[in-house]
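Take any residue in the sequence shown, count from 1 to its spot, add 109: that is its number in my numbering. Where a beta carbon is used, it is the ideal one built from N, C-alpha and C, also for glycine. Report on the following structure.
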Amino acid sequence: MCFHCVTVNPTWQPLRAPYTSTYHALVSGIDRYPRKVTTTMGKKKIAKRSKIKAFVKVYNYNHLMPTRYSVDIPLDKTVVNKDVFRDPALKRKARREAKVKFEERYKTGKNKWFFQKLRF
């Protein structure tokens, strides 16, 4: 799987025991990308095709691949934080927050590369 991600909160926290401590990052990204839009489409169809599905996960640094690209999308740290994984309702709220911010940025037309699938 390949994702475009935004690192929300890089942290160092011991997991279960002190000898298994690793670096983890709270990551938010795009699960379902917006579909292609043309000028001949109506407003309703464009609105439907511009929807984005977001995710919020914790990844080990070993599983992240840094690139030269960067995007600065500020997410509300009170809503999107490591405590959201304790309660499903909080996780839904965090995903919704990420979705709203991603859709805002998509509609402004900035960072177009971020909203296209990675092709390998």
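Tell me which residues share the same chain as residue i and place their Cβ nearer than 7 Å to its Cβ, disregarding the 5 neighbours each side in the sequence.
i      : result
Arg214 : Ile182 and Asn220
Arg204 : Ala163, Phe164 and Val165
Val193 : Val165, Leu199, Lys200 and Ala203
Excluding the five sequence neighbours on either side, which residues of its own chain have a C-beta within less than 6 Å of the C-beta of residue i, listed in chain order?
i      : result
Ala126 : For Ala126, the pLDDT reaches just 47, beneath the cut-off of 50, and the residue's location in the model is therefore unreliable, leaving the point undetermined.
Glu212 : Ile161
According to the neighbour-count rule (16 or more other Cβ atoms, all chains shown, within 10 Å of its Cβ), is residue i buried or exposed?
i      : result
Val136 : buried
His172 : exposed
Pro175 : exposed
Lys208 : buried
Lys153 : exposed
Lys210 : buried
Give me, in chain order, the residues of the same chain whose beta-carbon lies closer than 8 Å to that of residue i; leave out the 5 immediate sequence neighbours on both sides.
i      : result
Lys145 : Arg158
Gln225 : Tyr142
Inset, instruction - Report the residue ranges of all alpha helix (DSSP H) runs contained in full by the stretch 119–207; include only those spanning at least 4 residues, in chain order. - result: 152–158
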